[in-house]
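These protein sequences, in sequence, are chains C and D.
Start counting the first sequence at 59; every next residue gets the next number (the working numbering).
Start counting the second sequence at -16; every next residue gets the next number (the working numbering).
C-beta atoms are modelled at their ideal positions from N, C-alpha and C, and glycine is treated no differently.
The model shown is predicted, which means the values in this text are computed figures rather than measured ones.
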Amino acid sequence: MALLRYESQVRAPLVEDNKDYHFVTEDICRPVEARPTRLWWIGFLFSVALLCFGIVSVTMEVIYGVNQWNLNKTVGWGWDITNFVWWIGIGHAGTLISAILLLFRQGWRTGVNRAAEAMTIFAVMCAGQFPIWHMGRVWMAFFVLPYPNTRGPVWPNFNSALLWDVFAISTYFTVSLLFWYSGLLPDLATLRDRARLKWRKFFYGLAAFGWTGSTKHWQRFEALALVLAGLSTPLVLSVHTIVSFDFATSVVPGWHTTIFPPYFVAGAIFSGFAMVQTLLVVTRKVLGLEEYITIEHIDVMNKIIVLTGSIVGIAYLTELFIAWYGANQYEGFAFMQNRLNLDSPYGWAYWIMMGCNVLSPQIFWVRKMRRNLLVTFFMSILVNIGMWFERFVIIVTSVYRDYLPSAWSTYYRPTIWEVGFYMGTFGLFFTCYFLFAKFFPVVAAAEIKHLLKKSGENYKLRMNELEDESVEAFVERHGHDHGA
Amino acid sequence: MAIKKFIVGSFDDEAVLFPAVRSVRRSGYRIYDIFTPFPIHGLDKAMGLRDTSLHTAGFIYGITGTATAVGGISWVFTYDWPLNIGGKPHFSLPAWIPITFELTVLFASVGMFLTFCYLCQMAPFVKKDHFNLRSTDDLFVMALECTDKTNEAEAVTFLQSLGAKDVKVDRRETRWWLGRYDRETKMFGMKESEAVV
Chain C
59 MALLRYESQV RAPLVEDNKD YHFVTEDICR PVEARPTRLW WIGFLFSVAL LCFGIVSVTM
119 EVIYGVNQWN LNKTVGWGWD ITNFVWWIGI GHAGTLISAI LLLFRQGWRT GVNRAAEAMT
179 IFAVMCAGQF PIWHMGRVWM AFFVLPYPNT RGPVWPNFNS ALLWDVFAIS TYFTVSLLFW
239 YSGLLPDLAT LRDRARLKWR KFFYGLAAFG WTGSTKHWQR FEALALVLAG LSTPLVLSVH
299 TIVSFDFATS VVPGWHTTIF PPYFVAGAIF SGFAMVQTLL VVTRKVLGLE EYITIEHIDV
359 MNKIIVLTGS IVGIAYLTEL FIAWYGANQY EGFAFMQNRL NLDSPYGWAY WIMMGCNVLS
419 PQIFWVRKMR RNLLVTFFMS ILVNIGMWFE RFVIIVTSVY RDYLPSAWST YYRPTIWEVG
479 FYMGTFGLFF TCYFLFAKFF PVVAAAEIKH LLKKSGENYK LRMNELEDES VEAFVERHGH
539 DHGA
Chain D
-16 MAIKKFIVGS FDDEAVLFPA VRSVRRSGYR IYDIFTPFPI HGLDKAMGLR DTSLHTAGFI
44 YGITGTATAV GGISWVFTYD WPLNIGGKPH FSLPAWIPIT FELTVLFASV GMFLTFCYLC
104 QMAPFVKKDH FNLRSTDDLF VMALECTDKT NEAEAVTFLQ SLGAKDVKVD RRETRWWLGR
164 YDRETKMFGM KESEAVV
């Protein structure tokens, strides 16, 4: 019976320690059912404070207009759109983990998918703030939607990349929310059935939609998850492609490049995984989930970071090459003078981007570094700084000095309200994340239980028992049970 | 109003559950349902359930989305208000691909989710009786439906012999009703004296 299983020498088990199903329930429900810790309160209140700062900043902008920001004649898109693209990019890792890795049957996604999907939703919420408040007369925001109106009717321009964005982002948000919530239903039912306190029974009873775990329901549940994953996979690629179209379909030198869609998607996954690392390195420690979100998970995600970081690096070099090879003097100026030249006003931003995104992640070729939590955490912050600068470089350095030198703008630097708005979205993001980590199961318990059958010590023990058995006895017992 | 009698037993190992399902079906008992804490692949086949048609519904919703986008945009740009955008053709299909794709995905996802909730009869404030609370934790709970002819004692012994634990005869509500989980213990259509706590 020695050939019954193959034990990989390379991959560690995805769930550590010998656990049974009830053990998993206990482990994952414990942080939800316990009182919030002092650390949680500190983090939560700090986030709420940031959020309040953001609300004040936005209020200033709404009352006094967009001139509260330092945007000028040529830099019409500054921090706001930089932040928009940055947040949207971060969201992409969640969908990649939950949808694409589901289709690729990557078992390791199970430990991290719930938190990553939540991150996606919160990041898209933050991203959506920027174009909305940038409208100035935000009470007219509904004008972007095509609805029959009494003004003609006047319809939005369906050929515009900015309208494509409206559809892409709102669809992305809706689908991510449905995918995440439908996956949560069984775990919410678990919490409901364990609840002792009245408010918990009420809240989780409401949230679980009356889930029972019937076999027929599970069958539909899996069909839904699979189709939603299949729909989300092209969706996530389309979203950042469309975001890149905002730039690529224009005629501005530095934006008008065909490489943008794949380059933006790779960058989005890159920054998204960095944010997942930032969150999970802390979450697993604080909630005591080290046996579910293992070093193995961190390792695998660092591999994706070094891969996507290198793809982004190739894209940077390709852009430079084409700027030179294309011999268009305006494009050449945008790349060679506005970006590459360290003496130009924003040269420093380009080199921060290069350093953080292309050079520093190369450290993850070393296995020891990939499995070091401190290095991982530090690198994840660095990558996010680098990816923010990538968007800043693309947006600001392309427009602040254009065709007409007399129209070159003065040095663009943000006002306190622009910075405050950005900080406010951090507040929104972390407020949501802290609430999620307290009231929802951070790890998908039902999926972990499913995984236990194939991975972990428990599985090994059971298989050992089977391997001691004679072939005849094994066939007798398991000949007709469909391999269950 | 749809309170029925069931023989309810729990299993804690799939290796025991699968042969038990086979034996139960072979012996002529009707399995009402099996409640499990996570999806068990192959259990639906073993129970003789047919495949779900949710995929087909999703496909139809998706096509509806495609048609809505292409139809709506063409109507607006060629008939209702033809805009001259840089002298380009009014019917410019390639520029509509992004929105068409997004609406296809949106319609398919939202439609499928709502259909899923409808088929499983799930919504906020919907309450259902699910036999054993530990079926969302670590037990696989099998419920056999009793008819007038069922010999209850025999069925209980039979289920026990297949490896089920805590086998008992239970009266349970089979339909959903509106309620709150922190309130009543009484089932829909049940007298207070019959309440299962």
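- For D:G(-8), the CB contacts under 6 Å within the same chain, skipping 5 residues up- and downstream, are M125, L142, A147, V150 in chain order.
- Contact check for C:L431 against C:I356 passes: the beta carbons are separated by less than 8 Å.
- Contact check for D:P2 and D:S118: beta-carbon distance about 20 Å, past the 8 Å limit, so the pair fails to qualify.
- Beta-bridge analysis with DSSP links D:R13 to D:E128.
- Per DSSP, D:E156 lies in no alpha helix (DSSP H) segment; the continuous beta strand (DSSP E) that holds it begins and ends at 148 to 156.
- With a cutoff of 8 Å on beta-carbon distance, C:G485 and C:S105 are scored as near each other.
- Counting only Cβ-Cβ distances below 7 Å, C:S272 has contacts in chain D at D16, F18, in chain order.
- Listed along the chain, the chain C residues whose CB falls inside 9 Å of the CB of D:R163 are K259, F260, G263, L264.
- When Cβ-Cβ separations below 8 Å define contact, D:V152 makes no contact with chain C.
- Chain C has a Cβ within less than 8 Å of the Cβ of D:S75.
- In the DSSP assignment, D:I(-10) is bridged to D:L127, D:V152.
- When the alpha-carbon of C:S290 is set against those of D:L89, D:G94, D:P107, the nearest one is in D:L89.
- Remark: three or more beta-carbon pairs, one from each stretch, lie closer than 8 Å, so the stretch 100 to 116 of chain D and the stretch 258 to 268 of chain C are flagged as touching.
- For C:N217, the residues of chain D that pass the 7 Å Cβ criterion are I68, S75, A78, in the order they occur in the chain.
- A direct Cα-to-Cα measurement between C:F188 and C:R449 gives close to 14 Å.
- In this structure, the CA atom of C:V285 is about 19 Å from the CA atom of C:I179.
- Going by DSSP, D:T98 is part of the alpha helix (DSSP H) stretching over 76 to 102.
- Closer than 8 Å at the C-beta level to chain C, one finds these residues of the stretch 95 to 106 of chain D: M95, F96, F99, C100, L102, C103, Q104, M105, A106.
- Chain-order list of chain D residues neighbouring C:Y79: D(-5), P20, F21, D120, D121, L122, by C-beta distance under 9 Å.
- At a cut-off of 8 Å between beta-carbon atoms, C:P244 makes contact with chain D.
- Sequence-distant Cβ neighbours of D:T47 in its own chain, meaning closer than 7 Å and more than five residues away, are F90.
- Against chain D, the CB of C:H314 has no partner CB under 8 Å away; the residue lies outside that interface.
- With a contact defined as Cβ atoms closer than 8 Å, C:W191 and C:E119 qualify at about 6 Å.
- Relative to C:L338, the option among C:F435, C:W145, C:K256, C:L493 whose CA is nearest is C:F435.
- Taken in chain order, the members of the stretch 31 to 42 of chain D whose beta-carbon sits within less than 8 Å of a beta-carbon on chain C are L32, D34, T35, L37, H38, G41.
- With its beta carbon at least 8 Å from every one in chain C, D:K(-13) lies outside the interface.
- At least one CB atom of chain C sits nearer than 8 Å to the CB of D:D27.
- Judged by their CB atoms, C:V170 and C:I351 are nearer to each other than the 8 Å cut-off.
- Contact between C:W423 and C:V364 holds: CB atoms are separated by about 6 Å, below the 8 Å threshold.
- Between C:T316 and C:A306, the alpha-carbon positions lie close to 7 Å from each other.
- Chain-order list of chain C residues neighbouring D:A147: empty, with the shortest C-beta distance near 16 Å, by a criterion of under 9 Å.
- A residue is called buried when at least 16 other Cβ atoms come within 10 angstroms of its Cβ; C:A107 does not meet this threshold and is exposed.
- With contacts defined by Cβ atoms closer than 8 Å, C:T248 and D:D16 do not form a contacting pair.
- Boundaries of the alpha helix (DSSP H) around C:I139: 137 to 153.
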